[in-house]
Structure formats: structure tokens, C-alpha cells
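Chemist: In this note's numbering, the protein residues as written are 2 to 157.
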Amino acid sequence: FEEPTFLQPTPNDHTSQFNTAKMGRVRTKTVKKSAKVIIERYYPKLTLDFETNKRICDEIAVIASKRLRNKIAGYTTHLMKRIQRGPVRGISFKLQEEERERKDQYVPEVSALDYTQNESGQLEIDSETKDLLKHLGFDSIPVNVTQVTQNNPNER
């Protein structure tokens, strides 16, 4: 028995094909808030390992069900991995604040505008930077304007 051609799926017929893309999960406000509070209060105890974080959540919090505990521990682990890459919005803990303060208070040993440290006695800058220095009132600094070169990565 041959199926009529108008019933056979075409390559662009999306209704006949299964969607193989996996949908994401929704995290409730309860899970997100709980994970953030746990990180803020117990950051030094937490790790990048789900199993460890699950046990810590068990010890430090009264969570109604295993399923909710696992969701909170999973999101906590996810946030801990994000924190390793940089600050995370909505989470503030002592170590992160100290790191931010340290970066804010940083003073370089040699100023970028100190032209006496250079062999030529002039700063190597582009024309835009020269205009910026002039606008800020640093036009007395001796500068050498150079052409900007683009560093293009190798083509594949």
C-alpha cells in the first residue's frame, strides 16, 4: 500500500516531526530565594559538588521535602559555579564584598600617565585617547600618536 504524496511529510513540515530540543525547567521563587539566602549565610561551607551541598542544606535548613531540598541544593550548586566566574546579581556575601573593596581601593605602582617611565619620555596613544586627555585637561603630557592596528584572529 503506497501512501499518497500529499500525506508524506516534507523536510520543512514541522508538524510531522518531533521536537528534539529539550525544554528547560522552571525554578520557583522559593527555590531561588532559599538558595541565595543559603549562599549568603553559609558560603564558606558550600562547594561545587551537588552531593555535598545537598547534605549541607539538610543540616542547616528545615526543608519540607526531599524533592525541594534537591532543587535548592541544585540551584545552590549552579550559583556557586557562577560565583566562581564572577559576581552574581542579587547575592552579597562578605568575601565578595571584600573582593570588590580590594579592587576599588587598588592603586597601581606606576601610573599609566607617567611618561617618565618610558624610554622615549612620551606616551604611546591613539588619536581618540589624545582627544580624551585634551578634554580632561591633560594636554600638557607629551604624547606620541600612533595608528591603531587591529588584531584579527586567524580565519578558520
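Glycine included, every Cβ here is placed at the ideal spot set by N, Cα and C.
Whole angstroms is fine: what's the gap from Val32's alpha carbon to Leu80's?
Modeler: Mapped onto the sequence shown, residue 32 falls at position 31. Mapped onto the sequence shown, residue 80 falls at position 79. When rounded, the distance between both Cα atoms is 12 Å.
Chemist: Determine the closest residue to Thr147 out of Leu133, Phe139, Glu125 and Ser141, with distance taken between C-alpha atoms.
Modeler: Taking the sequence shown and counting its residues from 1, one reaches residue 147 at position 146. Among Leu133, Phe139, Glu125 and Ser141, the Cα nearest to that of Thr147 belongs to Glu125.
Chemist: Helix, strand or coil for Glu125, going by three-state DSSP, please let me know.
Modeler: Working through the sequence shown from its first residue, we reach residue 125 at position 124. It is a strand residue.
Chemist: Can we say the stretch 60–69 touches the stretch 105–119, given the rule of at least three CB pairs closer than 8 Å?
Modeler: no
Chemist: Using a Cβ-Cβ cut-off of 6 Å (strictly less than) and excluding sequence neighbours within five positions of Leu134, which residues of its own chain qualify?
Modeler: Taking the sequence shown and counting its residues from 1, the one referred to as residue 134 is at position 133. None.
Chemist: Arg83: buried (16+ other C-beta within 10 angstroms of its C-beta) or exposed?
Modeler: Within the sequence shown, residue 83 is the residue found at index 82, counting from 1. Looking at its Cβ environment, which holds fewer than 16 other Cβ atoms inside 10 Å, Arg83 is exposed.
Chemist: Do you know how far the Cα of Lys23 is from the Cα of Asp105?
Modeler: For the purposes of this step, residue 105 is taken as residue 104 along the sequence shown, with counting starting at 1. For the purposes of this step, residue 23 is taken as residue 22 along the sequence shown, with counting starting at 1. Cα-Cα distance, rounded: 42 Å.
Chemist: Look at the alpha carbon of Gly138 and the alpha carbon of Tyr107, and state the distance between them as a whole number of angstroms.
Modeler: Locating residue 138 in the sequence shown gives position 137, where the first residue counts as 1. Locating residue 107 in the sequence shown gives position 106, where the first residue counts as 1. Roughly 24 Å between the two C-alpha positions.
Chemist: Closer than 8 Å by C-beta to Gly122: which residues in its own chain qualify, once you throw out the five before and the five after it? Chain order, please.
Modeler: Residue 122 sits at position 121 when you count from the first residue of the sequence shown. Result list for Gly122: Tyr116 and Pro143, in chain order.
Chemist: Assess, as a yes-or-no matter, whether the stretch 89–101 is touched by the stretch 46–58 under the definition of 3 or more beta carbon pairs within less than 8 Å.
Modeler: no
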